[in-house]
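Have a look at the structure below, then the notes.
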Amino acid sequence: MHACPTAAVAFAARVDTNRVLTGTTLEMPFGQSPFAIGRGVAFEALLRRHGHAELRRVLTEGLGVDFSQAGIENLREGYQPNTTGLKLRASVTRSRMAEIIASPAEPVVLDGAVLRADVGGLPAFFEADEMAIGVGGEIVVGENKSWPVVDGRPTDEDALGSALDQAATYVLLGRRTLDDAGVDPDRVSSNAVLVTPRNTGLTAVLHRQNVDGRVRRIERLLSAVPHVADIATSVPADVTFDVAADTSLPEQERVDAFAEVSDRLGRVYEPASCLSSCGFAWACRQCAFATGDPALSGGVVARALPGVVSLSRVAELSHGAPASAVEAPVAGPLARAGRLYDEAVPVPAPRRRRPA
Ligand code: SF4
Numbered sequence: 054m055h056a057c058p059t060a061a062v063a064f065a066a067r068v069d070t071n072r073v074l075t076g077t078t079l080e081m082p083f084g085q086s087p088f089a090i091g092r093g094v095a096f097e098a099l100l101r102r103h104g105h106a107e108l109r110r111v112l113t114e115g116l117g118v119d120f121s122q123a124g125i126e127n128l129r130e131g132y133q134p135n136t137t138g139l140k141l142r143a144s145v146t147r148s149r150m151a152e153i154i155a156s157p158a159e160p161v162v163l164d165g166a167v168l169r170a171d172v173g174g175l176p177a178f179f180e181a182d183e184m185a186i187g188v189g190g191e192i193v194v195g196e197n198k199s200w201p202v203v204d205g206r207p208t209d210e211d212a213l214g215s216a217l218d219q220a221a222t223y224v225l226l227g228r229r230t231l232d233d234a235g236v237d238p239d240r241v242s243s244n245a246v247l248v249t250p251r252n253t254g255l256t257a258v259l260h261r262q263n264v265d266g267r268v269r270r271i272e273r274l275l276s277a278v279p280h281v282a283d284i285a286t287s288v289p290a291d292v293t294f295d296v297a298a299d300t301s302l303p304e305q306e307r308v309d310a311f312a313e314v315s316d317r318l319g320r321v322y323e324p325a326s327c328l329s330s331c332g333f334a335w336a337c338r339q340c341a342f343a344t345g346d347p348a349l350s351g352g353v354v355a356r357a358l359p360g361v362v363s364l365s366r367v368a369e370l371s372h373g374a375p376a377s378a379v380e381a382p383v384a385g386p387l388a389r390a391g392r393l394y395d396e397a398v399p400v401p402a403p404r405r406r407r408p409a
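Just so we're aligned, residue 54 is where the sequence shown starts under this note's numbering, counting upward by one.
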């Protein structure tokens, strides 16, 4: 979750970001690559087959509590796939969470729990994988991710950060849900669970991580989301996604219209979170390519380069170009990195021409 003006305006205007660029080459295939979807579906199926046998095993091993006889309630089935269904699931989640706290004897798993939040004055629903795992009167938030952890390390640090942010969001909303139900919110554990494949196979392994810092950051972000009414009055009347969404227009005209609108509103492109959560991600990635935005290299790299506007400028600074005042803090480290790179990867000598 991060503060992106374009996404905020789309949210406030109830624009479905998955539909605006329908029919163009920048339409997102449900937010992930087909490979990621295939692996994700296979991993989820593995955890749930034979009465959630693999999920029970990994929770038992990872949490040190016997989940072999745990009650697992599947909240993904039996509800309409729309707002009415989400409201019902959120209501069931709330009452089940209170029950888990009240009767701590048996471990319980709510598969596909739904948490409700107020975002900018509008209701929003968040679906968690194993939120909530009830253990001894405490609720542990769990998320399944299909990317591998090899030798104890995730293959994609940005994806890990995004998953922990997601878990922290559920911790925060879970606490608010308990609070609303008159139950001590601190019964939601600060230690979230991630279930991922071990190495390159699909055997599940559990990781626990404290997400308190992320909970505080997400709480700040949520409270900073401007109110929908304020956004509506602050956006110029001629800013519209209508041209980008007009399927009767040529693709280039629609894509250009999206770029112009998002340029005016502003983008905060972060590959891991944008590609997994926003229907504009491919379009914003194309805009980022056009300007050589350092964000293309991932959030970790972009945060290490404050004030540097493009990757070509990174290259210039790494070759010792004079830095502006805003670039000064990173210019020295970049120049040192450039020298090290040149020592490690010498420029090939020009080929001699053979004598005729
Ligand atoms: S993809 Fe990212 S940068 Fe683009 S609108 Fe969505 S949140 Fe903002």
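Where is the CB? At the ideal position from N, CA and C, for every residue including glycine.
- Message: Taking the straight line between their C-alpha atoms, what separation do you get for L370 and H105?
- Response: On the sequence shown, residue 370 is found 317 positions in, with the first residue counted as 1. On the sequence shown, residue 105 is found 52 positions in, with the first residue counted as 1. Those two C-alpha atoms are separated by around 54 Å.
- Query: Where does L370 sit, in a helix, a strand or coil, going by DSSP?
  - Reply: For the purposes of this step, residue 370 is taken as residue 317 along the sequence shown, with counting starting at 1. Correct three-state label for L370: helix.
- Item | Candidates A221, L74, D233, L112: closest to S148 by CA position | Numbered from 1 along the sequence shown, position 95 holds the residue referred to as residue 148. Looking at the Cα atoms, D233 is the closest of the given residues.
- Could you tell me the distance, in whole angstroms, from the CA atom of I284 to the CA atom of A312? The sequence position of residue 284 within the sequence shown is 231, counting from 1. The sequence position of residue 312 within the sequence shown is 259, counting from 1. One C-alpha to the other measures close to 20 Å.
- Query: Who are the near neighbours of P157 in its chain, counting only those whose CB is closer than 6 Å to its CB and skipping five residues on each side?
  - Reply: The count along the sequence shown starts at 1 and reaches residue 157 at position 104. G189, G190.
- Message: Does the beta-carbon of A61, which I'm using as the reference point, lie nearer than 6 Å to any heavy atom of the ligand SF4?
- Response: In the sequence shown, the residue the question calls residue 61 occupies position 8. It does not: the Cβ of A61 is nowhere closer than 6 Å to a heavy atom of the ligand SF4.
- Compare the beta carbon distance of D265 and S243 with 7 Å and say whether it is the shorter of the two. The count along the sequence shown starts at 1 and reaches residue 265 at position 212. The count along the sequence shown starts at 1 and reaches residue 243 at position 190. Result yes, Cβ atoms of D265 and S243 sit closer than 7 Å.
- Using a threshold of 7 Å, state whether the C-beta atoms of D218 and N197 are closer than that. The residue labelled residue 218 in the question sits at position 165 within the sequence shown. The residue labelled residue 197 in the question sits at position 144 within the sequence shown. Taking C-beta atoms as the reference points, D218 and N197 fail to come closer than 7 Å.
- Query: Of all the beta strand (DSSP E) runs that stay within the bounds of the region 59–135, which reach a length of 3 or more residues?
  - Reply: 124–127
- Of the listed residues A56, C57, A63, nearest to V292 (C-alpha basis): Position 239 of the sequence shown holds residue 292. If we check each option's Cα against that of V292, A63 comes out closest.
- Proximity below 7 Å, CB of N127 to CB of D69: Numbered from 1 along the sequence shown, position 74 holds the residue referred to as residue 127. Numbered from 1 along the sequence shown, position 16 holds the residue referred to as residue 69. No, Cβ-Cβ distance for N127 and D69 is not below 7 Å.
- Assign G174 to buried or exposed, taking buried as 16 or more other Cβ atoms, counted over all protein chains shown, within 10 Å of its Cβ. Position 121 of the sequence shown, counting from 1, holds the residue named residue 174. Exposed, since its Cβ has fewer than 16 Cβ neighbours within 10 Å.
- Whole-angstrom C-beta distance between A297 and Y322, which should lie under 8 Å: Working through the sequence shown from its first residue, we reach residue 322 at position 269. Working through the sequence shown from its first residue, we reach residue 297 at position 244. Incorrect: roughly 17 Å between the Cβ atoms, too far for contact.
- Message: So for V248, helix, strand or coil by DSSP?
- Response: Taking the first residue of the sequence shown as position 1, residue 248 is located at position 195. Here V248 sits in strand by DSSP.
- Would the beta-carbon of R320 be found less than 6 Å away from any heavy atom of the ligand SF4? Numbered from 1 along the sequence shown, position 267 holds the residue referred to as residue 320. Answer for R320: yes, Cβ within range of the ligand SF4.
- Item | Assigned secondary structure, F311 (DSSP; H/G/I helix, E/B strand, else coil) | Within the sequence shown, residue 311 is the residue found at index 258, counting from 1. Residue state, collapsed to three classes: helix.
- Fully enclosed by the region 213–270, which beta strand (DSSP E) runs are 3 residues long or longer? 244–250, 257–263
- Query: Is the beta carbon of V268 sitting closer than 7 Å to the one on A221?
  - Reply: By one-based count along the sequence shown, residue 268 stands at place 215. By one-based count along the sequence shown, residue 221 stands at place 168. Contact check for V268 against A221 passes: the beta carbons are separated by less than 7 Å.
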